[in-house]
Amino acid sequence: MKKSTPNIITLTTDFGLSDAYVASMKGVILSINPGVTLVDITHNIPPQDVRAAAFLLHTSHTFFPDGAIHLAVVDPGVGTSRRPIALVTPHATFVAPDNGILSYMVAGATRPAVSPTGLDFKLRETKLPAGITAFHLNNLDFWRHPVSHTFHGRDIFAPVAAHLSLGVPLDKIGEPIPSLFIFTVPHPQSQPDGSVMGHIQHIDSFGNLISDIKVEDIMLGKTEKKTEIEIEVRGQKITGICRLYAEGKGFVAIIGSSGYLEIALKNGNASKKLESKVGDSFTLTHGQIK
Amino acid sequence: MKKSTPNIITLTTDFGLSDAYVASMKGVILSINPGVTLVDITHNIPPQDVRAAAFLLHTSHTFFPDGAIHLAVVDPGVGTSRRPIALVTPHATFVAPDNGILSYMVAGATRPAVSPTGLDFKLRETKLPAGITAFHLNNLDFWRHPVSHTFHGRDIFAPVAAHLSLGVPLDKIGEPIPSLFIFTVPHPQSQPDGSVMGHIQHIDSFGNLISDIKVEDIMLGKTEKKTEIEIEVRGQKITGICRLYAEGKGFVAIIGSSGYLEIALKNGNASKKLESKVGDSFTLTHGQIK
Amino acid sequence: MKKSTPNIITLTTDFGLSDAYVASMKGVILSINPGVTLVDITHNIPPQDVRAAAFLLHTSHTFFPDGAIHLAVVDPGVGTSRRPIALVTPHATFVAPDNGILSYMVAGATRPAVSPTGLDFKLRETKLPAGITAFHLNNLDFWRHPVSHTFHGRDIFAPVAAHLSLGVPLDKIGEPIPSLFIFTVPHPQSQPDGSVMGHIQHIDSFGNLISDIKVEDIMLGKTEKKTEIEIEVRGQKITGICRLYAEGKGFVAIIGSSGYLEIALKNGNASKKLESKVGDSFTLTHGQIK
Chain A
38 MKKSTPNIIT
48 LTTDFGLSDA
58 YVASMKGVIL
68 SINPGVTLVD
78 ITHNIPPQDV
88 RAAAFLLHTS
98 HTFFPDGAIH
108 LAVVDPGVGT
118 SRRPIALVTP
128 HATFVAPDNG
138 ILSYMVAGAT
148 RPAVSPTGLD
158 FKLRETKLPA
168 GITAFHLNNL
178 DFWRHPVSHT
188 FHGRDIFAPV
198 AAHLSLGVPL
208 DKIGEPIPSL
218 FIFTVPHPQS
228 QPDGSVMGHI
238 QHIDSFGNLI
248 SDIKVEDIML
258 GKTEKKTEIE
268 IEVRGQKITG
278 ICRLYAEGKG
288 FVAIIGSSGY
298 LEIALKNGNA
308 SKKLESKVGD
318 SFTLTHGQIK
Chain B
38 MKKSTPNIIT
48 LTTDFGLSDA
58 YVASMKGVIL
68 SINPGVTLVD
78 ITHNIPPQDV
88 RAAAFLLHTS
98 HTFFPDGAIH
108 LAVVDPGVGT
118 SRRPIALVTP
128 HATFVAPDNG
138 ILSYMVAGAT
148 RPAVSPTGLD
158 FKLRETKLPA
168 GITAFHLNNL
178 DFWRHPVSHT
188 FHGRDIFAPV
198 AAHLSLGVPL
208 DKIGEPIPSL
218 FIFTVPHPQS
228 QPDGSVMGHI
238 QHIDSFGNLI
248 SDIKVEDIML
258 GKTEKKTEIE
268 IEVRGQKITG
278 ICRLYAEGKG
288 FVAIIGSSGY
298 LEIALKNGNA
308 SKKLESKVGD
318 SFTLTHGQIK
Chain C
38 MKKSTPNIIT
48 LTTDFGLSDA
58 YVASMKGVIL
68 SINPGVTLVD
78 ITHNIPPQDV
88 RAAAFLLHTS
98 HTFFPDGAIH
108 LAVVDPGVGT
118 SRRPIALVTP
128 HATFVAPDNG
138 ILSYMVAGAT
148 RPAVSPTGLD
158 FKLRETKLPA
168 GITAFHLNNL
178 DFWRHPVSHT
188 FHGRDIFAPV
198 AAHLSLGVPL
208 DKIGEPIPSL
218 FIFTVPHPQS
228 QPDGSVMGHI
238 QHIDSFGNLI
248 SDIKVEDIML
258 GKTEKKTEIE
268 IEVRGQKITG
278 ICRLYAEGKG
288 FVAIIGSSGY
298 LEIALKNGNA
308 SKKLESKVGD
318 SFTLTHGQIK
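Next up, the structure:
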């Protein structure tokens, strides 16, 4: 059976909404595929913050239909030798610079056995796991010409995504490559004293502190006795995990909508109150677990 | 004749545009109905400001085609017992939490005979007027699973709106309910001295002060002699109502685009200048009306 | 051969994204043409900054498919005698107030032979060049009624754009007019000492200073010896033009994605650092050109 052509392109950039850069990309896409559905993930990524873009793409792409094309352009090295790439998973296609912005897509399958100490966003060339393929987008026929040195989003990534949405096969648009440059995605570590050391990996616009600790990290080999869990972030201790924001008072620990443990401040901004930043540690102790 | 399936979903939230929460909702909707047209009303509602969302929904939904579906998620009580609901008027369908966000839709038909003193946003269970029906969205088959405790926008409201846009009848998705929880929408009161006491019910991003006083409240039983009307807001007196922003100087009173009397500051921000807030009184005296 | 009906409408306004004004316009458009594709250029034009809107429309509209309709509503004179107009070029149709917002579209063909001194945004009635036609949108049948005095975007421009997107010919919607009110678009001047005096014509949200100097202005009659070019802005001297943002250090001069010479600050905001504003001069000297 013929696979139907995907017809959704999402856009994630650090271009903001006050200039016409995003609109120019959309114009290029619609010039190639007038029938495509365009969806903004966000354009308010802090300038050049590849890591933040990687996180938001990670937590949102799974909600789109299979075959959606995700265009992500946070590209401090635009015009340098970093490659324009496409990454294909069983569920989606990503079009982006090879600068770590797709780290979560690759790392999901290649999480290192030994945890690093603290957060480390250094790029490492990493072989792709089974089931994931990548392409170097080097066929100039699918670029817009002349190619600006400073705006590959408009001249390379947008037209390539548009051609993909029309069903052009990736092996016509680029060449298969076996590895990408990715950073190690944040994840928690067990400590000798039995506690779990995680990190803030994102702070959302409500000021909620989203850690890298998942439900399975909390429960791992422990009896489920939620009220005894104690979390410490920036000197603030929080006891127990609430089911709802509305349930607690003051600081609240909760399993957020992406499955990560997060800290919120009831009727306030936890991040401002704690003066916290991405990378701050998140310590989890289980009290008197039997 | 078969009624055609509506195919527009609008979105109103307090999620902002810097995270991927809105995009996740759109992904869920497009996964169910890839052909739907999505339109953002706004996502910049101040966090948890149900009243502001209610006002903006009120002033914009009438401009959409009949049968449009309006999804509104400002939901401080997410995960508590407040019900997910749908409200059907002759012109539109609303999908939202039962927390007052649809007050204007219901109150249009149920405006109390006796005016309350000042603004009061307390929720009161209110029987629906004729011509309006409501449903408790309690059929889990139309939800996304697993349902996050903290993000019903994505897991309940978005999928329900998407199914509605495909033409699924509401009585399959929920159960009819006779009443909703709404607040009394702001409206002006006649004073013993013949003046009209209104209130600021919204401040827009230009700093314009939008009152709850409509043309019919001004003219009621009076001869039309516009230049003699005097308005007082935060100690500032404004005489006469201008037809255009460009007409006046300094503070200008004008009938705004939603039909409410509003105060603007020529080449400035009236709200900042007057240090005003929603709920401040707006007094209207008619001078020497004959 | 019948020309196909264009089906894209872009929107450029100063309404911001915190109110429902943009959504109301979209609702009106979709009520008339439910199948149209709507694309936001930007809604974050500074309040009433017609010039900024003109620039962003200028640099983005060329990336849209031929026949796209561009709706631009920055309209400080709403309700006054300024005319609602449409402008038709070989590639696009613009719908806007006749207040200079389309200056770049007309001025591209009518650039004055003698350069003015400094920037001058005074409106002058200007005869249209060959190949461009304009219409006064005065047929009330294509407006939304009642027409608000303060929101022609919703009641005149949006419905007209929607009818145009359905293929209604412009001579039914308005009457041909031979001239429009435009300002002289910024452009550089040769100085007696051989230098080129340009201006900052836009500052983007990264703080990049975009001049009115194009590649052809730099090279004009000079041997190409890029490294010797010297630029001075607000007392800051920059030598040479880089190919990429990533290439330089500190302040970097670069040919930006719209073809204009611009100044960026590596890992910083050039505009804030130099306390610059639109209109500041941009002096280009060619050093020892042979």
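Protein chains in written order, with the numbering used here: chain A, 38 to 327; chain B, 38 to 327; chain C, 38 to 327. Ideal placement from N, C-alpha and C gives every residue a C-beta, glycine not left out.
**Q.** Residues in the region 47–63 of chain A having any Cβ partner in chain C nearer than 7 Å
**A.** When C-beta distances to chain C are compared with 7 Å, the residues of the region 47–63 of chain A below that value are G53, L54, S55, D56, A57, A60, S61 and K63, in chain order.
Q) How is T74 (chain A) classed by DSSP in three states: helix, strand or coil? A) As a position in the first sequence, residue 74 (chain A) is number 37, starting the count at 1. In the structure shown, T74 (chain A) adopts extended strand secondary structure according to DSSP, grouped into three states.
Q: Taking C-beta pairs closer than 7 Å, name the residues in chain C that N81 (chain B) reaches, listed in chain order.
A: Taking the first residue of the second sequence as 1, we reach residue 81 (chain B) at position 44. Annotation: Cβ neighbours of N81 (chain B) in chain C (cutoff 7 Å, chain order): L54 and S55.
Q. Is G190 (chain B) helix, strand or coil by DSSP?
A. Residue 190 (chain B) sits at position 153 when you count from the first residue of the second sequence. If DSSP states are grouped into helix, strand and coil, G190 (chain B) belongs with the helices.
Q | Closer than 8 Å to chain B by CB, D241 (chain A) | A | Here the question's residue 241 (chain A) lines up with position 204 in the first sequence. At least one chain B Cβ lies under 8 Å of D241 (chain A).
Q) Exposed or buried, what is V73 (chain C) when buried is set at 16 or more other beta-carbons lying within 10 Å of its beta-carbon? A) Indexing the third sequence from 1 puts residue 73 (chain C) at position 36. So V73 (chain C) counts as buried.
Q. Taking Cβ to Cβ, would you say F319 (chain B) is nearer than 8 Å to S227 (chain B)?
A. Residue mapping note: residue 319 (chain B) aligns to position 282 of the second sequence, counting from 1. Residue mapping note: residue 227 (chain B) aligns to position 190 of the second sequence, counting from 1. Result no, Cβ atoms of F319 (chain B) and S227 (chain B) do not sit closer than 8 Å.
Q: Tell me where the beta strand (DSSP E) around R119 (chain C) begins and ends.
A: Along the third sequence, one-based indexing puts residue 119 (chain C) at 82. For R119 (chain C), there is no enclosing beta strand (DSSP E), as DSSP gives it neither H nor E.
Q | N-terminal and C-terminal residue of the beta strand (DSSP E) that H239 (chain B) is part of | A | For the purposes of this step, residue 239 (chain B) is taken as residue 202 along the second sequence, with counting starting at 1. The continuous beta strand (DSSP E) containing H239 (chain B) extends over residues V233 to I240.
Q: State the DSSP-derived secondary structure class of D249 (chain C), mapped to helix, strand or coil.
A: If you number the third sequence from 1, residue 249 (chain C) lands on position 212. Residue state for D249 (chain C) is assigned as strand, using DSSP reduced to three classes.
Q: Step through the CB atoms of chain C and report whether any lies within less than 8 Å of the CB of F218 (chain A).
A: By one-based count along the first sequence, residue 218 (chain A) stands at place 181. For F218 (chain A), the answer is no, since every Cβ of chain C falls outside 8 Å of its Cβ.
Q: Using alpha carbons as the reference points, say which of C:I122, C:L217, C:L298 and C:K274 lies closest to G30 (chain C).
A: Chain C is shown only over 38 to 327; residue 30 (chain C) falls outside these bounds and no answer can be derived.
(Q) On the CB-based measure, 16 or more other CB atoms within 10 Å of its CB, does R161 (chain C) come out buried or exposed? (A) As a working mapping, residue 161 (chain C) is identified with position 124 in the third sequence. Using a 10 angstroms sphere on the CB of R161 (chain C), the tally of other CB atoms stays under 16, which defines it as exposed.
Q: Could you name the residues of the region 178–203 of chain C whose beta carbon sits closer than 7 Å to any beta carbon of chain B, in the order they occur along the chain?
A: Under the 7 Å Cβ criterion, the region 178–203 of chain C contributes S185, H186, T187, F188 and R191.
Q.
Can you tell me whether K303 (chain C) is helix, strand or coil according to DSSP?
A. In the third sequence, the residue the question calls residue 303 (chain C) occupies position 266. Three-state DSSP puts K303 (chain C) in coil, outside helix and strand.
Q) To the nearest angstrom, how far is it from the Cα of P176 (chain A) to the Cα of I210 (chain A)? A) Position 139 of the first sequence, counted from the first residue, corresponds to residue 176 (chain A). Position 173 of the first sequence, counted from the first residue, corresponds to residue 210 (chain A). The amino acid at residue 176 (chain A) is misidentified as Pro; the sequence shows Asn. Each residue's alpha carbon lies about 5 Å from the other.
(Q) Taking the straight line between their C-alpha atoms, what separation do you get for S97 (chain B) and V76 (chain A)? (A) As a working note, residue 97 (chain B) is residue 60 in the second sequence. As a working note, residue 76 (chain A) is residue 39 in the first sequence. So the alpha carbons of these two residues sit roughly 22 Å apart.
Q.
Would G137 (chain C) pass as an interface residue toward chain B - the criterion being a Cβ-Cβ separation below 8 Å?
A. Position 100 of the third sequence, counted from the start, is the residue given in the question as residue 137 (chain C). No, no contact with chain B.
**Q.** Touch test, the region 84–99 of chain A against the region 52–60 of chain B, Cβ-Cβ under 8 Å, three pairs minimum
**A.** Contact between the region 84–99 of chain A and the region 52–60 of chain B is present, because at least three Cβ pairs lie under 8 Å.
Q: Kindly list, in the order they appear in chain C, the residues whose Cβ is closer than 8 Å to that of V76 (chain B).
A: To locate residue 76 (chain B), count along the second sequence from 1; it is residue 39. Against chain C, a Cβ distance below 8 Å from V76 (chain B) picks out A60, K63, G64, L67 and L75.
Q.
Distance check for M62 (chain B) and G244 (chain A), CA to CA, integer angstroms please.
A. Stepping through the first sequence from its first residue, residue 244 (chain A) is reached at position 207. Stepping through the second sequence from its first residue, residue 62 (chain B) is reached at position 25. Rounded to the nearest whole angstrom, the CA to CA distance from G244 (chain A) to M62 (chain B) is 20 Å.
**Q.** Coarse secondary structure for I169 (chain B), derived from DSSP in three states
**A.** By 1-based counting over the second sequence, the position of residue 169 (chain B) is 132. I169 (chain B): coil per DSSP, three-state reduction.
Q) Listed from N- to C-terminal order along the chain, which residues in the region 113–139 of chain C have their beta-carbon within a distance smaller than 8 Å of any beta-carbon of chain B? A) Contact annotation: in the region 113–139 of chain C, residues whose CB is within less than 8 Å of a CB in chain B are P113, G114, V115, G116 and T117.
Q: Using alpha carbons as the reference points, say which of C:R191, C:M142 and C:F158 lies closest to I169 (chain C).
A: In the third sequence, the residue the question calls residue 169 (chain C) occupies position 132. Measuring C-alpha to C-alpha distances from I169 (chain C) to each of C:R191, C:M142 and C:F158 identifies C:M142 as the nearest.
Q) When you compare each of C:T117, C:L302, C:D103 and C:S308 to F131 (chain C) by their alpha carbons, which one comes out closest? A) The sequence position of residue 131 (chain C) within the third sequence is 94, counting from 1. Among C:T117, C:L302, C:D103 and C:S308, the Cα nearest to that of F131 (chain C) is on C:D103.
Q: Quickly, what does DSSP pair T49 (chain B) with across the bridge? List them, please.
A: Numbered from 1 along the second sequence, position 12 holds the residue referred to as residue 49 (chain B). According to DSSP, T49 (chain B) shares a beta bridge with B:T79 and B:A109.
Q: Drop a sphere of 10 angstroms on the beta-carbon of D192 (chain B), count the other beta-carbons inside from all chains shown, and report buried for 16 or more, exposed for fewer.
A: Residue numbering aside, residue 192 (chain B) sits at position 155 when the second sequence is read from its first letter. By the 10 Å Cβ count, D192 (chain B) comes out buried.
Q) For P102 (chain B), which residues in chain C fall below 7 Å Cβ to Cβ? A) Here residue 102 (chain B) refers to the residue found at position 65 of the second sequence. What P102 (chain B) touches in chain C: L67, S68 and P71.
Q.
Only counting the same chain, and skipping five residues up and downstream in sequence, which positions put a Cβ closer than 8 Å to that of R181 (chain C)?
A. In the third sequence, the residue the question calls residue 181 (chain C) occupies position 144. The residues are V65, R191, D192, I193, A195 and P196.
Q. How about T99 (chain B) and I78 (chain B): do their beta carbons lie closer than 8 Å?
A. Here residue 99 (chain B) is taken as the residue at index 62 of the second sequence, counted from 1. Here residue 78 (chain B) is taken as the residue at index 41 of the second sequence, counted from 1. Not in contact: T99 (chain B) and I78 (chain B) (Cβ atoms no closer than 8 Å).
Q.
Any beta carbon of chain A sitting closer than 8 Å to that of G293 (chain C)?
A. The residue given as residue 293 (chain C) occupies position 256 in the third sequence. G293 (chain C) belongs to the set of residues whose beta carbon lies under 8 Å from a beta carbon in chain A.
Q: Reducing DSSP to helix, strand and coil, say where K274 (chain B) ends up.
A: What you label residue 274 (chain B) is simply residue 237 of the second sequence in a count that begins at 1. In this structure, DSSP gives K274 (chain B) an extended state, which the three-state scheme calls strand.
Q. Shorter than 8 Å from the beta carbon of S97 (chain B) to some beta carbon of chain C?
A. In the second sequence, counting from the first residue as 1, residue 97 (chain B) sits at position 60. Cβ-Cβ to chain C under 8 Å: yes for S97 (chain B).
(Q) So, does the region 121–128 of chain B touch the region 78–89 of chain C, judging by three or more C-beta pairs under 8 Å? (A) Contact annotation: the region 121–128 of chain B does not touch the region 78–89 of chain C, with fewer than three C-beta pairs closer than 8 Å.
**Q.** Residues near L246 (chain B) in its chain [Cβ-Cβ closer than 7 Å; skip 5 each side]
**A.** Counting from one through the second sequence, the residue named residue 246 (chain B) turns up at place 209. Around L246 (chain B): I237, I240, V270, E299, I300, A307, S308 and S313.
**Q.** Spatial distance of A144 (chain A) from F220 (chain A) (CA atoms)
**A.** As a first step, residue 144 (chain A) is located in the first sequence; it is residue number 107 there, counting from the start. As a first step, residue 220 (chain A) is located in the first sequence; it is residue number 183 there, counting from the start. Cα to Cα, A144 (chain A) sits roughly 8 Å from F220 (chain A).
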